[in-house]
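Going by the numbering used here, the sequence shown opens with residue 10, and the numbers climb by one from there. Input: a single structure, listed below in structure tokens.
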Amino acid sequence: MSRSWVQISAGRGPIEVRRFVARLAERMEALCEERGLAVVDVTVHGDEAAPASVEILVEGDARRCLEGEVGTHALVERSAARGRAARKRWFAGVAVHPAETGAGAGAPVDLRELEISACRASGPGGQHVNKTLSAVRVHHRPSGITVRVADERSQRANVRRGVERIAERLAERAARRLAEGDAARWSEHDRIVRGEPVRTYRVGRRSALEVAGAKESHLP
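Printed below as a string of structure tokens:
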């Protein structure tokens, strides 16, 4: 089953926005479960009461289940510490990113996905290398990765080494994609659009966040 990160971010917002993120994350976690997504874990970056961001790892079709929730969320509330003339609208962002599973990293390569063929070794190696087909070419069909191995005198040993190298290349690719995914998630901190929010909240009589207007909803 596919996994995704649901990220709730304060961007570079002040303490009021980070407090909003904490409450919005509670609502999003409850909404994920309500809509059939399995919550695997929750990562809080910063103070739990006022984090810079919260990431919820879920299993299931997060983009479909959370349609209408991705984008900017706005809170209408005056800050007691800033006076009546200060701003009263605070913005947080909700984004969904695919979670890389790291397939191929540390896991055996499926031999059914490989094409292995013998070839003559080239370069230095002496008379033995020139007269035998000890070198092998290993092609991994799903990824398109191909390695050629002639390190060992035995063809069987070269096949084993080729499979190991395919696994290494897959691990490197998974690590790069994971790093790129992390970078994409963190870039959301700088991309909160303060225009038309997908939802707007107000603080109700019991200090609970309540959606204001047609696009409003309840926050704990």
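Note that beta-carbon positions come from the ideal geometry of N, C-alpha and C, so glycine has one too. Note that the structure is a prediction, hence the values are computed from the model and not measured.
Measuring only the C-alpha atoms, how far is residue i from residue j?
i    : j    : result
F29  : D56  : 12 angstroms
A159 : R36  : 57 angstroms
E43  : L179 : 36 angstroms
R87  : V105 : 29 angstroms
R211 : K97  : 10 angstroms
R174 : V156 : 7 angstroms
F100 : A71  : 22 angstroms
R169 : C128 : 15 angstroms
V147 : N167 : 10 angstroms
G102 : R21  : 11 angstroms
E205 : V172 : 52 angstroms
A183 : V53  : 24 angstroms
D50  : V67  : 7 angstroms
S11  : S126 : 34 angstroms
A59  : A90  : 15 angstroms
S153 : A108 : Strictly speaking, residue 153 in this sequence is Gly, with Ser absent from that position. Their backbone Cα atoms lie some 22 angstroms apart in a straight line.
E124 : A83  : 54 angstroms
D119 : E177 : 14 angstroms
R208 : A188 : 31 angstroms
V79  : G45  : 17 angstroms
P151 : P23  : 46 angstroms
G113 : E25  : Because the pLDDT at G113 is just 39, under 50, the model does not fix this residue reliably, and the point stays unresolved.
A19  : G69  : 25 angstroms
G190 : E181 : 14 angstroms
S122 : H149 : In the sequence as displayed, the identity of residue 122 is Glu instead of Ser. Distance between the alpha carbons of E122 and H149: 6 angstroms.
Who does residue i pair with in a DSSP beta bridge?
i    : result
C74  : None; C74 has no bridge partner.
S62  : S18, H54
G102 : S18, T81
A184 : Answer by DSSP bridge pairing: none, since A184 is not bridged.
S11  : Answer is none; S11 lacks a bridge partner.
Determine the extent of the alpha helix (DSSP H) in which residue i is found, giving its start and end residues.
i   : result
R87 : Run containing R87: none; DSSP gives neither H nor E here.
Just verifying my parser: in three-state terms, what is the DSSP assignment at residue i?
i    : result
A108 : coil
L46  : coil
F29  : helix
E38  : helix
E124 : strand
R165 : helix
R178 : helix
V67  : strand
V172 : helix
E205 : coil
Considering residue i, what are the terminal residues of the beta strand (DSSP E) in which it resides?
i    : result
R157 : 154 to 158
V147 : 144 to 149
Of all Cβ atoms in chain D, is any one closer than 8 angstroms to the Cβ of residue i?
i   : result
R12 : Annotation note: the requested chain D is absent from the structure, which comprises a single protein chain.
Quiz item: Quick check: the segment 11 to 26 against the segment 69 to 86, are there 3 or more CB pairs under 8 angstroms?
Solution: A contact exists between the segment 11 to 26 and the segment 69 to 86.
Quiz item: Does the segment 142 to 152 touch the segment 162 to 170, meaning 3 or more C-beta pairs lie closer than 8 angstroms?
Solution: yes
Quiz item: Does the segment 49 to 67 come close enough to the segment 20 to 34 that 3 or more CB-CB pairs lie under 8 angstroms?
Solution: Enough Cβ pairs lie closer than 8 angstroms, so yes.
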